[in-house]
Ligand SMILES: Nc1ncnc2c1ncn2[C@@H]1O[C@H](COP(=O)(O)OP(=O)(O)OP(=O)(O)O)[C@@H](O)[C@H]1O
Ligand SMILES: Nc1ncnc2c1ncn2[C@@H]1O[C@H](COP(=O)(O)OP(=O)(O)OP(=O)(O)O)[C@@H](O)[C@H]1O
Ligand SMILES: [Mg+2]
Ligand SMILES: [Mg+2]
């Protein structure tokens, strides 16, 4: 399954590259607009190692960011699942913070927490948490009557139990969203690096962009794709393992 | 319900502002780091009308982007719901495209589709579609045995029906995610405007950032928050209406 | 009378509508393009925009690009040529608080926290300056600059790169109102003349439609000349206000004054003159800094229209 | 202890006709009682009114000397993450642990304790679910087809055991099995179509117990009465 | 037409003991047959093997002259977006429209046609679900407690009607009601504990029909046989 993901990614990337090169040759564009295959190859040989390291660095932050964001989403989703005033308040807050473009928040963030790893983590988590939150909210606000009735009737219902029941009944959906959100954490970390860091692949992309070096960007995208496909695949496998272990369907 | 959202937003915004001002006075920061309350008020009076118009402009694009992204997510989610080679391929493609930071893709996008409203829409849709996709994938890949059995046993199952059944059974979750994704469409549009447009609140934020005018940014955030709260509230109301009309629980 | 069929041309700017594109806006609003039988669409630029690419893609006919961009594009075989040079002095300079430090000599940079945009041409320029002063990288602290100025505002960074004529004026004003003095560190004062914005077009356009190019450049430079003319100050500011609503009038007028100093050649040469020596130096710096592998013969790309 | 409904009218919002019109019943003593009637007549609805989940459109339900009314039904599920045995352990009050052991064996569920709920047969699910309710504190327990998917022999054993163990509680047993209802129940509230008058009739059943002689002939008589009523 | 299982062994993965050990049965004629046995003995599992949803660990199921085996059970639901009537219209083949009308009335479902499935009572849901299966093409229909929540009178009417309308088809009725099974079924496959030998016994039932005299005394005999077998 893992290797399938990787070669499927290779196919997709090859298709994308092919399209770009086709445009290049059909329109007769210079290497500045779209680098030549050999140019990309050369750039690749030069930068692949470095970029691979950068992506690794980014992956580390993304993973941490994802963990934070899943907890955050769980927390907000659980707090905001009820149709009460407080639930609605939490949701309004969560939604609004999300709507603010990170670039606009960045200055405020810098003032509040400075720059560095923490900001990077925070931005990654902020970008990643919201989609998870939406799913958690959807799942957590729908009762599972057949199971919950007993607990409610006998006065045994606690919020933890309610959350556990609903999570368990929607384990497949939750693991899909959580493992899928890895992608978002990744993208979020890259954005964070782009606007706020001095390390990671986002930072390298920024420099490549400033130098209008499309070849480097393509190499970076390739590295991101490969690493993400692997990480994503691993997450899905562990999602399945969780489902098996918890005895869900 | 709508007005509750709005005043809750006001409370949150006031809290945020209060925090900023507190930091300002505690740390003795000058007006150019964090503007004074009166400065923000002055800026507000000057720019509020204009920014409100900008946010309206952005909202229009965000709405269109959201519609596109919901369709896109539906399409990809339905195509990718099965555990087949093709399903997995679609998913790998969708996940990878998502992982690429928009800033890195932007130059390529500009080459392929030029600038203008279309790029703005495309970026907004790309940012918004993925979280919806994750939910759609989660929901669409889980059979509803009790209902589907009959159709499968009698050879009546078509993919449209399967999709309809699963969507209906998860209507609450879907409407939560879709109405929540408005937020993402909004954020996505702002990002798109930030890097690719010459209209909308994202564009104004960019100018304000460039001028390092925190006051203007705060006013912009305020406008975004108000409009988003309203839009979000309306979407939720219509989500409820859909659920009622379709006879879901 | 309006020409029957005006030729259409897209002009991709380097940045948003602001003081740095004053001449283009002036030419546009005062009908100088129409006078030349042209219908020009000015499009705003930004960091993700690249006029050189758009020339090749056919999405724009003219553009504004920085010298390093042009040289890099030439190095990669892009058929771009320079038809006019807008800034005689590079507006990219560093702001600092003279109360906190003095910069009279390059050596004064030693030990400072200096803001640079990694990958940007301020990095190239600063590294050249440091090399020139014999300051090694571990004798200063380079700070990666982003969208916002907070680190400078908070005093964590003492020298911060800005566009002298645009943000420079705004920051000067803002800090001034808080009672702080500001000064600017200009690399050109130390012999580093890295060329900034120029007007570019595709070789093909220059070769096949020299007349079109001539008319465009004539109109554009007329716009610049009029806009920079002190007697038109009020009119220039009025024009700018239509596009740049965010900047208050007093700031605009200061920006205009600064821009005038950067755009109008000191030696009485016409606005838009190409400073070939500066271009050669720019190319040389880029080679030294490893931005390009070898000389591209930049003079071949310079096609001054006048 | 008294559980009674007086002049109950009930109408589902949006439904055409009323489920209950001027319906009354009264159960004044603890014991094993039944609600009986054809499918769709309103038994579940009545039960939900008794528990308070539904409110009658008109009329009143009186609960005297009754603190807790529990309602259990045959579609309930146990959470899937732990085994049936662990679940029961968690929901059994300390004082009922002994009773739990006893019931598990009477219900024939010893072998299911290690299984997940999902891997039980329908009848096993029914029994597990009823069992956990019996271990709770209640004065009234409504069993809405709680044993519908259990075989007759097991069902009989279970009912007799319940009657033996819970002499002070009031049970409301909903089942479609006439014989069973007639044989085991003390009072049988027969619900009829809402246009019949009176809509409810209460019939005295055989109320068979382990410790009592089974009165011959009486069963057929009760069954006939019920049939006639319905 | 022949439906037979020979020496079936079946073991749920992970389960301790086998549900079936060397179990055989044979049904050689169409008609209304039953699978009977205590709760948890393996009736549903057997049914799922007959439909092919489960595969025996060892042994074989033979289906001769049988194209389509349908399986319906009491927990099925109809999609919630349309009324029961509309759903039935959509899934009824042209040629069976007349039959549909007839069955709706025999099943006592006329009043439910305009309702959503969710607002039906349990027994109404049972009936609606069975009804839609009866309108499909099949040679074998397994009814796994399909009428478990329906009252006896309605159930009887339904069973008699089915037998009248489907003389060529083979039904496998799973129910816990001994009387009913004895009275209406032709052959009754009694499933016993997997350590009994043989695990399966087939008993001939009364096979009562509308058009046949009810043989007095025969019913008690069959019931006794079944009880003894189980
Ligand atoms: N939520 C609802 N909305 C509208 N009508 C309903 C609803 N629930 C039940 N009904 C209708 O009310 C009537 C009584 O339903 P109820 O479930 O109480 O019957 P019941 O006696 O329990 O039947 P069964 O023995 O089949 O379970 C039925 O005709 C049913 O269709
Ligand atoms: N998925 C499963 N995994 C493990 N064991 C199972 C599974 N399904 C059923 N069993 C076990 O297999 C046995 C037979 O189950 P089955 O559902 O066939 O019984 P049944 O005869 O239909 O019972 P009932 O009358 O209660 O429906 C039971 O002991 C049950 O616990
Ligand atoms: Mg009922
Ligand atoms: Mg079963």
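Chains as they are written, first to last, in my numbering: chain A, 1 to 249; chain B, 250 to 498; chain C, 499 to 804; chain D, 805 to 1034; chain E, 1035 to 1264.
C-beta atoms are modelled at their ideal positions from N, C-alpha and C, and glycine is treated no differently.
Which whole-angstrom value describes the C-beta separation of residue 1177 of chain E and residue 1208 of chain E, a residue pair presumed to lie in contact below a C-beta threshold of 8 Å?
6 Å
Of the residues that make up the region 1184-1198 of chain E, which ones have a beta carbon closer than 9 Å to any beta carbon in chain D?
1184, 1185, 1186, 1187, 1188, 1189
Take every Cβ of the region 553-565 of chain C, pair it with every Cβ of the region 13-31 of chain A, and state whether three or more of those distances are shorter than 8 Å.
yes
Could you tell me the distance, in whole angstroms, from the CA atom of residue 397 of chain B to the CA atom of residue 910 of chain D?
Each residue's Cα considered, the two are about 37 Å apart.
For residue 17 of chain A, which option in A:5, A:2, A:34 has the closest C-alpha, if you only look at C-alpha atoms?
Checking every option, the nearest Cα to that of residue 17 of chain A belongs to A:34.
Kindly say whether residue 816 of chain D, judged by its beta-carbon, lies nearer than 8 Å to any beta-carbon of chain E.
yes
Under a Cβ-count criterion, where at least 16 other Cβ atoms within 10 Å of its own Cβ denotes burial, should residue 871 of chain D be classed as buried or exposed?
Exposed, by the Cβ-count rule.
Any beta carbon from chain A within less than 8 Å of residue 661 of chain C's own beta carbon?
no
What do you reckon, is the C-beta of residue 1144 of chain E under 7 Å from a heavy atom of ligand 1?
no
Report the three-state DSSP secondary structure of residue 1000 of chain D (helix, strand or coil).
coil
Could you give the C-beta distance for residue 443 of chain B and residue 101 of chain A, rounded to a whole number, given that I count them as a contact under 8 Å?
6 Å
How is residue 853 of chain D classed by DSSP in three states: helix, strand or coil?
helix
Under 8 Å between C-beta atoms, does residue 223 of chain A make it to chain B?
no
Express the C-alpha separation of residue 779 of chain C and residue 191 of chain A in angstroms, rounding to a whole number.
35 Å
Express the C-alpha separation of residue 84 of chain A and residue 112 of chain A in angstroms, rounding to a whole number.
Taking the straight line joining both Cα atoms gives about 31 Å.
So with Cβ pairs under 8 Å, would you call residue 1267 of chain E a contact of chain B?
The shown model of chain E, from 1035 to 1264, leaves out residue 1267 of chain E, and the question about it has no answer.
Alpha carbon to alpha carbon, what distance is there between residue 145 of chain A and residue 481 of chain B?
Each residue's alpha carbon lies about 28 Å from the other.
Report, in whole angstroms, the separation of the C-beta atoms of residue 1184 of chain E and residue 1160 of chain E, which I expect to be a contact under 8 Å.
A Cβ-Cβ separation of about 5 Å places residue 1184 of chain E in contact with residue 1160 of chain E under the 8 Å criterion.
Mind listing the chain C neighbours of residue 198 of chain A? Cutoff is C-beta to C-beta under 7 Å, in chain order.
642
With a CB to CB cut of under 8 Å and the five nearest residues on each side skipped, what residues in its chain are close to residue 797 of chain C?
Contacts found: 774, 777, 778.
For a test of your reading of the model: does the CB of residue 146 of chain A fall under 7 Å from any non-hydrogen atom of ligand 4? Yes or no.
no
By how many angstroms is the C-alpha of residue 1241 of chain E removed from the C-alpha of residue 868 of chain D?
50 Å
Is the number of C-beta pairs between the region 567-576 of chain C and the region 706-716 of chain C that are closer than 8 Å three or more?
They do not touch, by the three-pair rule.
Name the DSSP beta bridge partners of residue 1059 of chain E, please?
E:1039
Name the residue from C:648, C:528, C:606, C:800 whose alpha carbon lies nearest to the alpha carbon of residue 104 of chain A.
The shortest CA-to-CA distance from residue 104 of chain A to any of C:648, C:528, C:606, C:800 is the one to C:648.
For residue 1121 of chain E, count neighbouring C-beta atoms within 10 Å of its own C-beta (all shown protein chains included) and say buried if the count is 16 or more, exposed if not.
Looking at its Cβ environment, which holds 16 or more other Cβ atoms inside 10 Å, residue 1121 of chain E is buried.
Under DSSP, the alpha helix (DSSP H) around residue 411 of chain B begins and ends at which residues?
408-418
Can residue 163 of chain A and residue 140 of chain A be called in contact, C-beta distance under 8 Å?
yes
Anything in chain E within Cβ reach of residue 928 of chain D, meaning under 8 Å, just list it in chain order.
1073, 1074
What do you reckon, is the C-beta of residue 925 of chain D under 7 Å from a heavy atom of ligand 4?
yes
If you draw a straight line from the alpha carbon of residue 293 of chain B to that of residue 894 of chain D, how long is it in whole angstroms?
For residue 293 of chain B and residue 894 of chain D, the distance between alpha carbons rounds to 59 Å.
Rank E:1105, E:1115, E:1219, E:1262 by C-alpha distance to the C-alpha of residue 417 of chain B and give the top, closest one.
Among E:1105, E:1115, E:1219, E:1262, the Cα nearest to that of residue 417 of chain B is on E:1115.
Ligand 1 and residue 816 of chain D: does the residue's C-beta get closer than 7 Å to at least one heavy atom of that ligand?
The answer is yes for residue 816 of chain D.
Since I believe residue 589 of chain C is in contact with residue 760 of chain C (beta carbons under 8 Å), could you give me their beta-carbon distance rounded to a whole number of angstroms?
5 Å
Can you check whether the C-beta of residue 1116 of chain E is within less than 8 Å of a C-beta belonging to chain D?
Judged by the 8 Å Cβ criterion, residue 1116 of chain E is not in contact with chain D.
Tell me which residue opens and which closes the beta strand (DSSP E) that residue 299 of chain B is part of.
Run containing residue 299 of chain B: none in the beta strand (DSSP E); it sits in the alpha helix (DSSP H), 286-328.
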